[in-house]
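For reference, the structure is listed below as structure tokens.
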Amino acid sequence: MLKCSWPRVGLPVLLLIAATAGDAAAQTPSAEQVQAMQRQLADWPQLARYRDENAALAAPAPGQRRVVFFGDSITEGWGKTGSETFFPGKPYVNRGISGQTTPQMLVRFRQDVIDLKPAVVVILAGTNDLAGNTGPATPQMIQDNLASMAQLARANGIAVVLASVLPASDYPWKTGLQPAPKIRALNDWIRQYAQRTGAVYLDYYGALDNGQGGLDAKVSGDGVHPNAAGYAVMAPLALAAVERALRQAR
């Protein structure tokens, strides 16, 4: 049975956050802030983000083996950091959305992955769950959502690549969480789950770790998101993992 785990979140909570953010004295959110929060709640998983692109995307040509890269801002960043240089001529489709957590990704998995008829999906997710972007998340919740995405893919004949979460010693937008040991534990689970289920394990972490559970400035400007040099390290690893998954899918 597929599982989806997410925290409960409502407009009153978001309004309270907005009202108490910034100055010590609480401030009433502006009309623009309220409207923005209402739009976010109306499309919490951001199903509309790629709706037009999905509708315009033709079915894979005969013999073409499409690959969907599915994830958060780190996946979305491929398109901002020269992905056409890293993957020239490849039928790769980017469906990353900045800030997303695994429950949001699971909700949009059908329209942004399955319906695009890929041969392979590359899933990179979990760091925003650890940061609490959509509320508290337990390791079990993250694992359930990752496993459910992988199960959905396999049930639809899509080979699965599971990527390790990138190192992070802190989150600039929510400091003090000390995510490094949690990331290592999650990656251990991802690796073991991939081995148990026949998915391909894509180890970004091992190639980027500075030895202290973080990212060096040479590969990241903020300690979380790769820069061009970071993506240059990741690209050949992704290519190799995709090729391995394509061989398995034959």
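Positions -26 to -1, 1 to 224 (mature numbering (1 follows the signal peptide of the UniProt record, and there is no 0)) are the ones given, in order, by the sequence shown. Beta carbons: idealized from backbone N, C-alpha and C, even for Gly.
Since I believe residue j is in contact with residue i (beta carbons under 8 Å), could you give me their beta-carbon distance rounded to a whole number of angstroms?
i    : j    : result
T49  : N68  : 7 Å
N107 : G73  : 6 Å
L104 : I157 : 7 Å
L189 : A137 : Not a contact, Cβ separation roughly 15 Å.
V139 : V216 : Actually they are not in contact, since the Cβ atoms of V139 and V216 sit about 18 Å apart, beyond 8 Å.
F44  : Y205 : That pair is no contact at about 17 Å.
V174 : L182 : In fact, because the Cβ distance is near 18 Å, the residues do not count as touching under 8 Å.
Buried or exposed: residue i, going by 16 or more other Cβ atoms within 10 Å of its Cβ?
i     : result
G(-5) : In this prediction, G(-5) scores a pLDDT of 49, lower than 50, which makes its location untrustworthy; no coordinate-derived value is stated.
D26   : exposed
D162  : exposed
R40   : buried
A121  : buried
S4    : exposed
A(-3) : With a pLDDT of 43 at A(-3), under the threshold of 50, the modelled position of that residue is not reliable, and the figure given next carries that caveat. By the neighbour-count rule (16 or more Cβ atoms within 10 Å), A(-3) is not buried but exposed.
L15   : exposed
P62   : exposed
G172  : exposed
L151  : exposed
T101  : buried
Grab the span of the beta strand (DSSP E) containing residue i for me, first residue to last.
i    : result
Y145 : Premise fails: Y145 is in no beta strand (DSSP E) and is neither H nor E.
Y175 : 174 to 176
L136 : 133 to 137
G70  : 66 to 70
L98  : 94 to 98
V42  : 41 to 45
Which residue marks the beginning of the alpha helix (DSSP H) containing residue i, and which one marks its end?
i    : result
Y120 : A quick correction: the sequence has Leu, not Tyr, at residue 120. First-last of the alpha helix (DSSP H) with L120: 113 to 129.
G204 : 202 to 223
V193 : V193 -> no alpha helix (DSSP H), and no H or E assigned at all.
A159 : 154 to 171
A30  : 25 to 30
Less than 6 Å between C-beta atoms, sequence neighbours within five positions excluded: which residues of the same chain meet that for residue i?
i    : result
Q78  : P19
G187 : P141, S143, A154
A111 : D103
L213 : none
Ordered along the chain, which non-local residues of its own chain (more than five positions away) have a Cβ less than 8 Å from that of residue i?
i   : result
L31 : V67, L90
Q38 : P65
Residues in the same chain with beta-carbon distance under 7 Å from residue i, minus the five sequence neighbours each way, listed in chain order, please.
i    : result
R224 : none
G195 : N201
G83  : The amino acid at residue 83 is misidentified as Gly; the sequence shows Phe. Cβ neighbours of F83 beyond the five flanking positions: M123, L126.
Using a Cβ-Cβ distance under 9 Å, would residue i count as near chain B?
i    : result
V216 : The structure shown contains no chain B; it holds only a single protein chain.
Three or more C-beta pairs closer than 8 Å, one from the stretch 202 to 210 and one from the stretch 113 to 130: is that the case here?
Two segments are said to touch when three or more pairs of C-beta atoms, one from each, lie closer than 8 Å; by this definition the stretch 202 to 210 does not touch the stretch 113 to 130.
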